[in-house]
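**Student:** Please find one structure pasted underneath; my questions will follow.
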Amino acid sequence: MPRKYNITVLPAPPRVPPPGKYVIVRSEECINCGRCTHVCIYGVHQRLEKDPRCLAEPESQRCKGCFRCVQECPRTALTLMDNETYTQLGDSYWTPEIITTTWYQAETGKVPVSGAGYAGPFSGSGFDGMWTDMSEIVRPTRDGIHGREYISTSVDIGGNVRAITFDDQGKIGVPLPRTRSVPLPIIFERPPFGRSEPVYAAVAKAAAALDTVMLVDAEEYCERSYAANLVPVFVAAEPGHARKELESCLKTAPMVEFTYDRAVLKVVADARSITPGSIISVRVPSGEAVEEIVAELVAGGVEVIHLCADRNGRTLESTESRFVTDMIRTVHRYLVHLKMRDRVTLVVSGGIALPEHVAKAVLCGADLTAIDVPLLLALGCQYCRDCLHGRACPVGLKDLDPDYGAQRIVNLMAAWRNQLLEILGAMGLREVRRLRGEVGRAIVCEEIQKETFDRIFVKEVFNHAKA
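If you read the sequence shown in this note's numbering, its first letter stands for residue 50, the second for the next number, and so on.
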């Protein structure tokens, strides 16, 4: 059994106080009795250090909205309101709840628990329209989060041989393909915005600390102490890559990725002629007939396919907007039908905002995922996207300390891994690889509603027409 993987968590308080969900307003009716300091368990109300007779301004970002202080105040001097700054965070997909939850995990490395149950919608679009079926347990649950049982979260990136043969000496008679093992089904994608040297350094340091890999633009790939964790991405359509540059990357980088182009197989063949044993990935944008493109690449010897969606998990090049889960299932089933699935590693990126999204993507058929926006959120990004319009970053990511930023990303991955262990443990699985393509463990809301209610409504329409 391999050694137990462990992520070291250290507290990393935010550089800029994050906006809280609520705002506490103290009126002039306050008599500084201090009742609120005793009933609030979250530290919202405190007395002034310089003058303990008076109360300090409420630290609203700590408020959880329990209303205890409002109800206990003898002068009804406290008012609790929604924070407009909080409600304006993010967009319809990257909601304020997702952003603030990511901040909390990056700060503490702990699983976010409200203590008041789940208050979200019963179902929704995208990943929220799929549930993991914990009743499909085929063995007792496993307790991996507390270390009493071993649950592996490692996956291999690379190809597989179709069959292993042995020679007369009993040795393996076929060359084994090179693979790169990562301890989590998560690798780091290039940030979609907010790119700067401190941000790159923080993500790269975190990738090295977690023993995973980070995708970078080929021109930004450089020899550093963490170069073994960087994967340069080349544009296949650009003519004449500098052979020395490509050869240097193939020899030092754990993997090389090319963007998809009609002539990408020729580019891959040229790269293999330089270093035959290198791991080569092809980045395929989601769109029309993506499953046929992937099958063609796999038949051509490509061993890693990176399926890309946009930041909200929607297809990039398609007349019909599809979510990433539909794309994964389509590609996975098509490759299974062609008996090609085990010959390729399927990486998926786009719309991965929570650890449950990682599990659901793997459940749909992916081997691992690539994340981008959560990395920026872990560094303190407020998802305002001011940097895209030439405005200054409100949290100053350009002045980020790379060591501090790397620790916050490490904390986030520790919290995500614990939640992934909870999902695997509830299903009785001992490794994340066994979750791949297990669609029988998924409940898709749309399919269940169709299966349940179509019979009722079709029968009613038939009876009405008959009458």
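Every residue, glycine too, gets a C-beta built ideally from N, C-alpha and C.
1) Kindly give me the distance between the Cβ atoms of asparagine 460 and isoleucine 194, rounded to whole angstroms, as I take these residues to be in contact under 8 Å.
2) When you compare the CB positions of valine 347 and threonine 394, do they come within less than 7 Å of one another, or not?
3) Check the C-beta distance from alanine 256 over to phenylalanine 242 and give it rounded, since I have them as a contact under 8 Å.
4) On a CA-only basis, which of Asp421, Asp391 and His381 is nearest alanine 410? Give me that one, please.
5) My guess is that alanine 251 and leucine 449 are in contact by the Cβ rule of under 8 Å, so how many angstroms apart are they, rounded?
6) Considering only DSSP beta bridges, list what serine 274 is partnered with.
7) For glutamate 108 and proline 161, I'd like the C-alpha separation in whole angstroms.
8) Under the rule that 16 or more other beta-carbon atoms within 10 Å means buried, what is asparagine 278, buried or exposed?
9) What is the DSSP secondary structure of arginine 84, counted as helix, strand or coil?
10) Spell out the partners DSSP gives histidine 355 in its beta bridges.
11) Counting pairs of Cβ atoms below 8 Å between the segment 168–178 and the segment 97–117, do you hit three or more?
12) How far does the beta strand (DSSP E) with serine 230 in it reach, from first residue to last?
13) Between the C-alpha atoms of tyrosine 330 and cysteine 433, what's the straight-line distance to the nearest angstrom?
14) Using three-state DSSP, classify glycine 207 as helix, strand or coil.
15) Could you tell me whether the Cβ atoms of proline 247 and proline 68 are closer together than 7 Å?
16) Are there 16 or more other CB atoms within 10 angstroms of the CB of glutamine 218, so buried, or fewer, so exposed?
17) In terms of alpha-carbon separation, which member of Gly207, Thr214, Lys447 and Ile221 lies closest to valine 231?
18) What three-state label does DSSP hand alanine 491 in the structure shown?
19) With distances taken between CB atoms, is the gap from isoleucine 200 to leucine 470 smaller than 7 Å?
20) Taking just the CA atoms, how far does cysteine 85 sit from glutamate 121?
21) In whole angstroms, what is the alpha-carbon distance linking threonine 368 and leucine 264?
22) Consult DSSP for valine 252 and reduce its assignment to one of helix, strand or coil.
23) According to DSSP, is phenylalanine 8 helix, strand or coil?
24) Leaving aside the five residues before and after serine 398 along the sequence, list all residues of the same chain whose C-beta is less than 8 Å from its C-beta, in chain order.
25) Go ahead and pull the three-state DSSP assignment for methionine 183.
26) First and last residue of the alpha helix (DSSP H) that includes glutamate 306?
**Tutor:** This is what the structure gives:
1) Not really, about 16 Å apart at Cβ, beyond 8 Å.
2) no
3) Not a contact, Cβ separation roughly 19 Å.
4) Ranking Asp421, Asp391 and His381 by Cα distance to alanine 410 puts His381 first.
5) 6 Å
6) DSSP lists no partner for serine 274.
7) 20 Å
8) Buried.
9) helix
10) Arg332 and Val396
11) no
12) 228–231
13) A quick correction: the sequence has serine, not tyrosine, at residue 330. Between serine 330 and cysteine 433, the C-alpha separation is close to 32 Å.
14) The answer is strand: DSSP assigns glycine 207 an E or B state.
15) no
16) exposed
17) Gly207
18) strand
19) yes
20) 7 Å
21) 28 Å
22) Valine 252 falls in the helix class under three-state DSSP.
23) The structure shown does not extend to residue 8, since the chain is modelled only from 50 to 516, so the question has no answer here.
24) Glu238, His355, Leu356, Cys357, Ala358, Thr418, Ala419, Ile420 and Asp421
25) coil
26) It is not in any alpha helix (DSSP H) - glutamate 306 instead sits in the beta strand (DSSP E) that spans 305–308.
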